[in-house]
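As structure tokens, the structure follows; a few thoughts come after it.
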Amino acid sequence: MKRLAIVLLIALLPVVGWGIGPQAASETRDPAPKLDQDDAKTMSVWMEKKLKHSQAILRGLAMGDFEDVKYNAGRLKLLNRVEGFVRRRNPDYRVHLNTFSRVSAEIERQAEKQNIEGATLAFNQLTVSCVECHKSLRNDGGPESE
């Protein structure tokens, strides 16, 4: 188990390091078009909470703490339900919310089974889901656009 956690950390280190370069590059170019201040603040609150719980899932996976993984996947599912109710007008966004919900539930199921490989795979799918959703939001102007 300890060996798997070390391998997982080593495997994820380049991914974390890779994110630093694009962030520094984005600081020098013109910012993307801004949402209304209220929309951006509301969206930021949702995203910060989701980010906090997804980081906790990664930590739980790395440490083999299945209870932590399961708890935070459950919190993501709950946030997703509430956000889905608030932001239900955009059909494309709803598709992303459904994917997020399905994958969060899968992380929870795999953590219940204490299946590190299954939970890690589901977490990777969650990450892809987040990236695709945010890509869609950037291209479409936000979750409320119709």
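Just so you know, the sequence shown maps onto residues 7 to 152 in this note's numbering.
C-beta: ideal position from N, C-alpha, C; glycine also.
Remember, predicted model here, so these are calculated numbers, not experimental data.
Sort the options by Cα distance to residue i and report the nearest one.
| i | options | result |
| --- | --- | --- |
| Arg108 | Phe91, Gln120, Glu118, Phe129 | Phe129 |
| Val75 | Thr105, Asp146, Glu123 | Glu123 |
| Leu127 | Ala111, Ser142, Lys141 | Ala111 |
| Pro97 | Cys139, Glu54, Ser50 | Cys139 |
| Glu118 | Phe72, Thr133, Glu54 | Phe72 |
| Ser142 | Ile63, Val101, Ala62, Lys58 | Val101 |
| Gln120 | His59, Glu54, Lys58, Gly66 | Gly66 |
| His59 | Ser50, Phe91, Tyr77 | Tyr77 |
Hey, quick one: how far does the alpha helix (DSSP H) through residue i stretch, first residue to last?
| i | result |
| --- | --- |
| Asp71 | Looking at the DSSP string, Asp71 is not in any alpha helix (DSSP H), and its letter there is neither H nor E. |
| Asn121 | Looking at the DSSP string, Asn121 is not in any alpha helix (DSSP H), and its letter there is neither H nor E. |
Please list, in chain order, all residues of the same chain as residue i whose beta carbon is under 7 Å from its beta carbon, the five residues on each side excluded.
| i | result |
| --- | --- |
| Lys56 | Leu82, Leu85 |
| Ile63 | Val75, Asn78, Ala79, Ile113, Phe129 |
Looking only at its chain, what residues have a beta carbon closer than 8 Å to the beta carbon of residue i, apart from the 5 residues adjacent to it on each side?
| i | result |
| --- | --- |
| Glu89 | Trp52, Leu103 |
| Pro28 | Only weak support is given to the placement of Pro28: the predicted model assigns it a pLDDT of 44, under 50, and the value that follows is read from those uncertain coordinates. Answer for Pro28: no residue qualifies. |
For residue i, collect the residues of the same chain with a Cβ closer than 6 Å to its Cβ; drop the 5 residues on either side in sequence, then sort them by chain order.
| i | result |
| --- | --- |
| Ser135 | Thr105, Phe106, Val109 |
Return the Cβ separation of residue i and residue j in integer angstroms, given the expectation that the two are a contact with Cβ distance under 8 Å.
| i | j | result |
| --- | --- | --- |
| Gln131 | Ala125 | That belief does not hold up - the Cβ atoms of Gln131 and Ala125 are roughly 11 Å apart, past 8 Å. |
| Gly80 | Glu114 | 6 Å |
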